[in-house]
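Numbering (the working numbering), first residue to last: 20 to 551.
Some notes on the structure that comes next.
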């Protein structure tokens with residue numbers, strides 16, 4: 020082993036506390052990077068495989084009513100692979116335990132076709148075998164403790180319809196169960212999905228041979244927006260309410276936003292940790308070089324060049340990076356599978372695919388080595404200016420001069436002697452002080468941001484539902500009603516204030532940009548909505 024390498028081992032041994040501390044920071048950075056990067060890819064793989072296995076729709080069209088014969092016209096549009104009609108409507112669910120509890124379920128018809136769009140992933144029980152059976156979505160069944168064989172009673176068209184639960188299933192359409200896009204968080208105990216036979220849905224809702232929703236699969240997703248425009252024009256006569264592409268589908272949109280958040284975290288947080296580690300390494304090596312002036316002078320006198328000595332100290336920072344990489348990558352690989360399973364379980368995706376992507380391991384090692392080498396070179400750069408003859412003498416003190424604060428005598432006289440020394444040292448080592456402050460600022464920011472996000476969510480809820488939307492309840496009707504219905508609602512309960520509103524989806528377009536939004540019409544003298 021080379022002499023300088025032996026000396027490097029002694030350096031690590033004598034400064035093991037500092038070495039371990041910085042190594043932990045590097046390991047934390049790479050653990051986050053590997054865990055979240057691989058977690059993101061594994062989640063996408065699991066979701067894509069689940070969508071493919073269940074034949075998840077590319078376009079969902081909501082209409083007033085369309086006859087079954089009109090589906091052939093839609094199938095003839097170039098680019099459409101398959102079309103399937105279904106009936107969907109929201110109804111109250113009768114709950115025996117609590118008369119005051121309001122539970123809504125969405126009745127959705129399904130076909131018995133093997134190539135059906137949005138296939139159900141059965142978790143328990145069997146598929147529907149007769150008209151009075153129903154399949155319950157897994158999240159709602161878990162929240163309400165519903166199991167196969169139980170009886171459920173939705174209230175449909177003024178009648179209680181008792182149905183038998185044949186099975187519990189997951190659906191790609193509701194991996195994140197939300198009633199509508201105005202709901203901020205899922206409430207699986209208050210809203211659920213019931214899947215019934217097409218014959219039952221058509222009979223109880225008066226839709227014989229008709230549908231109010233279309234599920235469409237396309238051959239490619241590149242021109243899906245143009246295809247949606249063609250579908251809207253073709254079906255305009257049937258009262259198109261809304262056309263939702265997979266990208267804008269509520270559940271899938273929320274899922275993609277969560278995955279994008281993980282991607283951003285895997286990129287930003289590790290860089291912050293590595294920046295803190297790089298600052299600490301740079302300051303630590305600059306002090307080490309300053310303390311080793313005599314040893315460096317002797318090494319130069321013995322024939323070691325600047326490159327050899329500079330690389331010797333840089334190896335110290337590189338050793339920190341490699342040790343941290345080994346620990347961080349190992350922990351990241353273990354955590355990636357666990358985090359993927361937790362995330363997939365939270366979004367009720369029954370299929371989990373976990374793989375190891377070695378490209379991220381290589382990228383992590385290169386990234387860490389780059390940070391450590393640059394910080395090592397920057398911290399040990401003063402090696403170049405050390406001359407053997409001068410290194411035998413103590414370093415000459417820096418020339419002192421009066422700082423700006425000393426000229427303000429009325430302030431300077433009131434400062435204690437120890438604080439005067441501290442202030443002078445700060446101004447004489449401004450760069451070192453700036454690096455230390457920056458490192459502390461980054462460390463605090465890493466800890467403060469998560470706490471801020473928790474408080475921000477609470478404040479956002481309070482602001483939204485305490486100041487901007489002041490209503491206690493919102494009643495949605497399946498079709499528009501006259502103002503007389505408000506008087507009937509007033510008779511049902513003690514109400515201080517009631518307001519009518521009109522809510523309808525619209526598509527906004529500016530050039531090539533399009534966005535579907537909900538337009539809400541409210542009274543001019545509204546007291547339940549606040550605008551600022």
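C-beta atoms are modelled at their ideal positions from N, C-alpha and C, and glycine is treated no differently.
Fair warning: this is a prediction, and the values are worked out from it, not measured in the lab.
With respect to residue 422, residue 446 sits close: the two C-beta atoms are nearer than 8 Å. Just so you know, the alpha carbons of residue 145 and residue 185 end up roughly 6 Å apart. Counting only runs that start and end inside the segment 25 to 68, there is no beta strand (DSSP E) element of at least 3 residues. According to the DSSP assignment, residue 218 belongs to the alpha helix (DSSP H) that extends over 217 to 224.
Residue pairing of residue 105 in beta bridges, as defined by DSSP: 232. Judged by beta-carbon spacing, residue 76 lies within the 8 Å limit of residue 234, meaning their Cβ atoms are closer than that value. Secondary structure at residue 123: strand, using DSSP grouped into helix, strand and coil.
Nearest C-alpha to residue 536 among 408, 268, 295: 268. Check the Cα spacing between residue 420 and each of 407, 443, 551, 474: the tightest is with 443.
Taking the Cα positions, residue 384 is about 34 Å away from residue 316. CA-to-CA, the gap between residue 178 and residue 112 works out to about 11 Å. Assigned with DSSP and collapsed to three states, residue 526 falls in strand. Between the alpha carbons of residue 213 and residue 125 lies a distance of about 6 Å.
According to DSSP, residue 174 shares a beta bridge with 179. Inter-residue distance for residue 217 and residue 225 is about 12 Å (C-alpha atoms, whole angstroms).
The bridge partners DSSP lists for residue 210 are 123. The closest CA to that of residue 343, considering only 39, 525, 33, 318, is found on 39. Between residue 48 and residue 347, the beta carbon gap of about 7 Å places them in contact (Cβ cut-off 8 Å). Residue pairing of residue 197 in beta bridges, as defined by DSSP: absent, with no partner found. Looking from the CA of residue 374, the closest CA among 22, 64, 51 belongs to 64. In this structure, DSSP gives residue 140 an extended state, which the three-state scheme calls strand. Around the beta carbon of residue 255, a 10 Å sphere encloses fewer than 16 other beta carbons of the protein chains shown; the residue is thus reported as exposed. No Cβ-Cβ contact shorter than 8 Å links residue 249 with residue 465. For residue 404, the closest C-alpha among the options 511, 451, 324 is that of 324. Shown here for residue 194: same chain residues with a beta carbon closer than 7 Å to its own, the five before and five after excluded, namely 270, 274, 366, 367, 368 in chain order. Burial check for residue 457: the Cβ neighbour count within 10 Å stays below 16, so the residue is exposed. At a Cβ-Cβ threshold of 8 Å, residue 87 and residue 135 do not count as neighbours.
Looking at the DSSP output, residue 184 sits in a beta bridge with 153. In its chain, beyond the 5 residues on either side, 348 have a beta carbon closer than 6 Å to the beta carbon of residue 380. By the CB criterion at 8 Å, residue 78 and residue 243 fall inside the cutoff. Annotated three-state conformation of residue 349 is helix, per DSSP. Counted as a single uninterrupted DSSP element, the stretch harbouring residue 398 is not any beta strand (DSSP E) but the alpha helix (DSSP H) occupying residues 377 to 398.
Fewer than three Cβ pairs drawn from the segment 286 to 295 and the segment 348 to 359 lie within less than 8 Å of each other, which leaves the two stretches out of contact.
Residue ranges of uninterrupted beta strand (DSSP E) with 3 or more members, entirely inside the segment 243 to 331 and ordered along the chain, are 259 to 264. Here residue 156 is near residue 196, since their CB atoms are less than 8 Å apart.
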